[in-house]
Structures are given as C-alpha cells and as structure tokens.
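Engineer: If you count the sequence shown from 1, you need to add 78 to reach my numbering.
Idealized CB from N, CA, C, for every residue including glycine.
Here the structure is a predicted model, which means the values were calculated and not measured.
Pasting in a structure now, in structure tokens, and then I'll have a few things to ask.
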Amino acid sequence: MAEPREAAVKGYWVAQVRVHDRTGYAAYRAAAAAPIAAAGGRLLVLGGAPEVVAGQMAPETMPGTVPETVIVEFPDLAAARACYHGAAYQATLALRDAAATVSLAIVAGHAG
C-alpha cells in the first residue's frame, strides 16, 4: 500500500539513455507506448544530450551512441512503479536492452 505522501504526488521515470540501434529503439518506444499510456503516463522530456553544468551524468559517453534524456510523468508514484514492474511493460525490455544502454530511476514529485 502506498504511503499517504506517495499517493499525493506524481511519479516520474527519469532515464538517461545511450541509443546504439535507432531502429531497434524506435521499435521499443512503439511497444512501450501502450503500457505507459494505460498507466496514465505521459512523456514530458525526450531530448538529446544534456548540458551538464555540475558533476557528471551517467551513463558516460559511449562512442557510436546517441544520447537521450527521458522523463515520463505518471498520476502517482504507485502508477509509475506498477507500470515499470507490470507484465506489459516488462515485455518491452528485451527490445530496449538490445538497442540501448539505460539508467532509469523512479522518483516522487514534489508535494509542495
């Protein structure tokens, strides 16, 4: 059961992606769209390399890859977790992992 604070804030997937197979990654994104939408998720950020102004962002630069930053918003933290761990989204991971190196965190939004 979600903590009261968790139910009151949006949940997010924050990912740093290094794409090495654009066609394969496009197939993953197409397959992942339905389970994400079914969980109430919506894409907020799908951008190229971040402008790092402090520290270091991971994964580090890998030759021959295309960087992307991805942020997906969900109605709450429970929905973000349920979508990621759900069978429908998990079925897309083989496509993703064959096409890209991904670091992904599930985080709670700010209640303030």
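Expressed to the nearest angstrom, what Euclidean distance is found between the alpha-carbon atoms of Y162 and Q168?
Structural biologist: Cα-Cα distance, rounded: 7 Å.
Engineer: One question on the structure: do A183 and V97 come within less than 9 Å of each other, judged by their Cβ atoms?
Structural biologist: Cβ atoms of A183 and V97: not closer than 9 Å.
Engineer: Quick check: what's the CA-CA separation for A177 versus T143?
Structural biologist: The straight-line gap from Cα to Cα measures roughly 10 Å.
Engineer: Check each candidate in A160, V123, Y106 and V148 and name the one with the smallest Cα separation from A116.
Structural biologist: The option with the nearest alpha carbon to A116 is A160.
Engineer: Figure out for me which residue from R100, T179 and E151 has the closest Cα to the Cα of G119.
Structural biologist: Looking at the Cα atoms, E151 is the closest of the given residues.
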